[in-house]
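Asks: Going by my numbering, the letters in the sequence shown line up with residues 22 to 159, in that order. Attaching a single structure in structure tokens format; questions to follow.
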Amino acid sequence: MKRESEGIVIEISESIAKVRASRHGDCKSCGACPGDNAIVVDAKNPVGAKPGQHVIFEIKDANMLWAAFIVYILPLIGIFIGALIGTWIGGKLGHSLREFQIGGGVVFFILSLIYVKIFDRSTSKNENAKPVITKILY
């Protein structure tokens, strides 16, 4: 499935347009996005939209779900796995389990954040993951 959103083209660079879009209904206004009530996305521009035009663009729901999993769930899984590994290592070494659980959780949390950053960079370069402008409204 694809989700359609409306936005205004603010800048063009080759075949990519920067589109300022209103936040969608799923957004809870966490403050991570710049501006009062808008986000800026890089979208493919096969229709030739120009700055100032209102457009409709599509985002694949699968991309949004996968990205949400990586950003929100993966760090939690990392903490849990790190705590389990810390428990195992602490038990083998005969030291305080709590210290190794905390240490393992912190280490795996940091590793998961590094992975999130790598995922973000690779996704921004992946042409198939970019939103696509499908229609110029006016």
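Cβ atoms here follow ideal geometry from the backbone N, Cα and C, with glycine treated the same way.
Are there 16 or more other CB atoms within 10 angstroms of the CB of Lys151, so buried, or fewer, so exposed?
Replies: Classification of Lys151: buried, given that the 10 Å Cβ count is 16 or more.
Asks: Which whole-angstrom value is the C-beta distance of Arg33 and Asn66, which I expect to be below 8 Å?
Replies: Position check: residue 33 holds Ile in this sequence, whereas Arg was assumed. The pair is a contact, with the Cβ atoms about 7 Å apart (cut-off 8 Å).
Asks: Which residues does DSSP list as the beta-bridge partners of His75?
Replies: Ile29
Asks: Is Tyr136 closer than 8 Å to His75 when the C-beta atoms are compared?
Replies: No, these two residues do not count as a Cβ contact at 8 Å.
Asks: I'd like to check one pair, Ile98 with Gly125: are the Cβ atoms closer than 8 Å?
Replies: In this structure, Gly125 sits away from Ile98, with a CB-CB distance that is not shorter than 8 Å.
Asks: Thinking just about the alpha-carbon of each residue, which of Ile37, Tyr93, Ile102 and Ala59 is nearest to the one in Lys71?
Replies: Ile37
Asks: Would you call Ala89 buried or exposed, if buried means 16 or more other Cβ atoms sit within 10 Å of its Cβ?
Replies: exposed
Asks: DSSP puts Asp141 in a beta bridge; with which residues?
Replies: For Asp141, which the question treats as bridged, DSSP gives no partner whatsoever.
Asks: Give the secondary structure of Ala59 by DSSP, where H, G and I count as helix, E and B as strand, and everything else as coil.
Replies: Reduced to three states, the DSSP call for Ala59 is strand.
Asks: Between the Cα of Ala59 and those of Tyr93, Asn147 and Ile31, spot the shortest distance and give me the residue it belongs to.
Replies: Ile31
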